Amino acid sequence: MTGVRDAHTAVLPLKGRRAAITGGTTGIGRAIARLLAAEGASVFIGGTDQAHLDEALADIRKVGTGEGALHDLSDPDNVGAFLSAADAALGGYDIVVANAAEAASGLIEMDEAAVRHAISLNFTHYLLLAHRAATTMAAGGDIVMIGSTSAYVLGPHSTVYAAIKHGLQGFSIALRRELGGRDIRVALVEPGKTGSDMQMPDVSPDEQREQIEAGTMLRAEDIAVGVQYLLTQPRRTVIQRLTISPRVQEEE
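Quick note on our numbering: the sequence shown kicks off at 293 and runs consecutively.
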């Protein structure tokens, strides 16, 4: 006989968990940090701008517990420093969210220095962060990577960004298989067009609001809800890849 225990899946609480989030001072990262804090997690965010950091922490502390520091994660040496700072501030961590990223365009539209910077921040930082987390995190942890549906936009003006985000797909799948036996889950979240400083620097806040109301653009909070969902699933499950797209979408 089927009962309530068969029909429902227990939702894991976030209260008491400790989350380190790169790129947590603006956009998607900030929305994730605020929601996790509101659900009872202690969060540590990283960024590169003091004003943004102060503003984000003030916002987070309205609903929960938050700390943070400035780290330029395009410098590989700073990735470990970020997690060391998170460890010191939180007394450890069991959620690590790799989110810090910058836009990149076509290969020949960028000079070599810009290409190297894009790879370092958007890809190398993710690998090094995951490596540090995987070697220091106890069983029961989660590694979440924020990718992009740009992995599927294989046009002439997204060459570098598409290559990087496509690489994250393969990395996240392989890492999930590598760490699953140690009870560390790995998930990739791929947002579509989202209102943020990074994705839409030339679109005014008013225009972004209009697109959000029309269903052609996501809010950063929509992505945060997706992250919350995958973190609260039973430990026997992992949401390997979560794609979140606007309801109304033009052909790419």
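Backbone N, C-alpha and C fix where the C-beta goes; we use that ideal spot for every residue, glycine too. Please read these numbers as outputs of a predicted model, since none were measured by experiment.
To which residues of the same chain is residue 334 closer than 6 Å at the C-beta, ignoring the five residues directly before and after it? Your numbering for residue 334 matches position 42 in the sequence shown. Taken in chain order, the residues that qualify are 310, 357 and 382.
Alpha carbon of residue 393 to alpha carbon of residue 346, nearest angstrom: On the sequence shown, residue 393 is found 101 positions in, with the first residue counted as 1. On the sequence shown, residue 346 is found 54 positions in, with the first residue counted as 1. Each residue's alpha carbon lies about 20 Å from the other.
According to DSSP, simplified to helix, strand and coil, what is residue 303? Position 11 of the sequence shown holds residue 303. Assignment of residue 303 by DSSP, reduced to helix, strand and coil, places it in the coil class.
Residue 338 - containing beta strand (DSSP E), residue span: Within the sequence shown, the letter at position 46 stands for residue 338. Its beta strand (DSSP E) spans residues 334–339.
With contact counted as at least three CB pairs below 8 Å, one residue from each stretch, are the stretch 339–355 and the stretch 394–413 in contact? no
Do the stretch 318–330 and the stretch 365–375 make contact, defined as three or more Cβ pairs closer than 8 Å? no
If you draw a straight line from the alpha carbon of residue 293 to that of residue 301, how long is it in whole angstroms? Numbered from its first residue, the sequence shown carries residue 293 at position 1. Numbered from its first residue, the sequence shown carries residue 301 at position 9. Caution applies to residue 293, whose pLDDT of 49 falls short of 50 and renders its modelled position unreliable; the value that the coordinates give is listed next. Their Cα atoms are separated by approximately 17 Å.
What does the alpha-carbon distance come out to for the pair residue 425 and residue 505? The residue labelled residue 425 in the question sits at position 133 within the sequence shown. The residue labelled residue 505 in the question sits at position 213 within the sequence shown. Taking the straight line from one Cα to the other gives about 38 Å.
Euclidean distance between Cα positions of residue 304 and residue 412: For this step, residue 304 is matched to residue 12 along the sequence shown. For this step, residue 412 is matched to residue 120 along the sequence shown. Cα to Cα, the separation comes out at about 34 Å.
Using a 10 Å radius around the Cβ and a threshold of 16 neighbouring Cβ atoms, would you call residue 482 buried or exposed? Walking along the sequence shown from the start, residue 482 turns up at place 190. Answer is buried; the Cβ neighbour count reaches 16.
Confirm, please, whether the CB-CB distance from residue 468 to residue 454 is below 9 Å. Indexing the sequence shown from 1 puts residue 454 at position 162. Indexing the sequence shown from 1 puts residue 468 at position 176. Contact: no.
Tell me whether residue 531 sits in a helix, a strand or coil according to DSSP, three-state version. Your numbering for residue 531 matches position 239 in the sequence shown. Coil, per DSSP.
Who are the near neighbours of residue 535 in its chain, counting only those whose CB is closer than 7 Å to its CB and skipping five residues on each side? Residue 535 sits at position 243 when you count from the first residue of the sequence shown. Cβ within range, chain order: 441 and 482.
With a Cβ-Cβ cutoff of 9 Å, do residue 389 and residue 530 count as a contact? In the sequence shown, residue 389 corresponds to position 97, counting from 1. In the sequence shown, residue 530 corresponds to position 238, counting from 1. Cβ distance not < 9 Å, so residue 389 and residue 530 don't count as in contact.
Separation of residue 436 from residue 521, as counted between CA atoms: Taking the first residue of the sequence shown as position 1, residue 521 is located at position 229. Taking the first residue of the sequence shown as position 1, residue 436 is located at position 144. Near 12 Å, if we compare the C-alpha coordinates of residue 436 and residue 521.
Does residue 317 come out as helix, strand or coil in the three-state DSSP assignment? Residue mapping note: residue 317 aligns to position 25 of the sequence shown, counting from 1. Note: residue 317 maps to coil in three-state DSSP.
Report all residues from its chain with a CB closer than 6 Å to the CB of residue 417; omit the five preceding and five following residues, and keep chain order. The sequence position of residue 417 within the sequence shown is 125, counting from 1. So the qualifying residues of the chain are 365 and 371.
Which one of 336, 526, 470 and 407 has the shortest CA to CA distance from residue 313? Position 21 of the sequence shown, counting from 1, holds the residue named residue 313. The candidate whose alpha carbon is nearest that of residue 313 is 336.
DSSP three-state label for residue 310, please. As a first step, residue 310 must be located in the sequence shown, where it is residue number 18. It is a strand residue.
Compare the Cα-Cα distances from residue 485 to each of 319, 427 and 451 and report the closest residue. Translated into the one-based positions of the sequence shown, residue 485 becomes position 193. Per the Cα distances, 319.
Taking DSSP as the reference, what is the three-state secondary structure of residue 481? The residue labelled residue 481 in the question sits at position 189 within the sequence shown. In this structure, residue 481 counts as strand in the three-state DSSP scheme.
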